[in-house]
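See below for the structure under consideration.
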Amino acid sequence: MTLDEEKQTHTEQRDQLALRVKALKRQVDEGETELERIDGLRRKAQRDMEEQMELKEALQTRVTALETELKRKAQAAMRPALDSSALSSDDDDSLYGRSSITSILTEGNLQTSSC
Numbered sequence: 001m002t003l004d005e006e007k008q009t010h011t012e013q014r015d016q017l018a019l020r021v022k023a024l025k026r027q028v029d030e031g032e033t034e035l036e037r038i039d040g041l042r043r044k045a046q047r048d049m050e051e052q053m054e055l056k057e058a059l060q061t062r063v064t065a066l067e068t069e070l071k072r073k074a075q076a077a078m079r080p081a082l083d084s085s086a087l088s089s090d091d092d093d094s095l096y097g098r099s100s101i102t103s104i105l106t107e108g109n110l111q112t113s114s115c
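If you count the sequence shown from 1, position 100 lands on 100 in the UniProt record's numbering, and the numbers rise without skipping.
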């Protein structure tokens, strides 16, 4: 091999290596671009998830408040039925009148238990 041939071979190898370096740099740039895109998607997904968690917490707080209000209203609705005035026997007396009740109790045909 002559000196010119060796020089030409080295030049061709250098050019091939330079092309290979350019191709590798381009691949690195493309990889970095893809990595930035994926990282942006990850950050967006993280923000979306945080927003959803905040919304979930707010909705859970609202549900708890509504459940508490429902229990309170249910208890308030039950109170009149359990109120002592609602259980009074005076309301039943009005059906018969006091004299009617007294006459029923004093009638001679009342049966008493022998226990």
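C-beta atoms are modelled at their ideal positions from N, C-alpha and C, and glycine is treated no differently. Quantities reported herein were computed from a predicted structural model and do not represent experimental measurements.
Would residue i pass as a contact of residue j if the rule is Cβ separation under 9 angstroms?
i	j	result
residue 11	residue 1	no
Whole angstroms are fine: how far does the CA of residue j sit from the CA of residue i?
i	j	result
residue 59	residue 53	10 angstroms
residue 15	residue 40	37 angstroms
residue 68	residue 29	58 angstroms
residue 47	residue 36	16 angstroms
Is the Cβ of residue i closer than 9 angstroms to any Cβ of chain D?
i	result
residue 55	In summary, chain D is missing from the structure at hand, where a single protein chain is found.
Is residue i helix, strand or coil when you go by DSSP?
i	result
residue 2	coil
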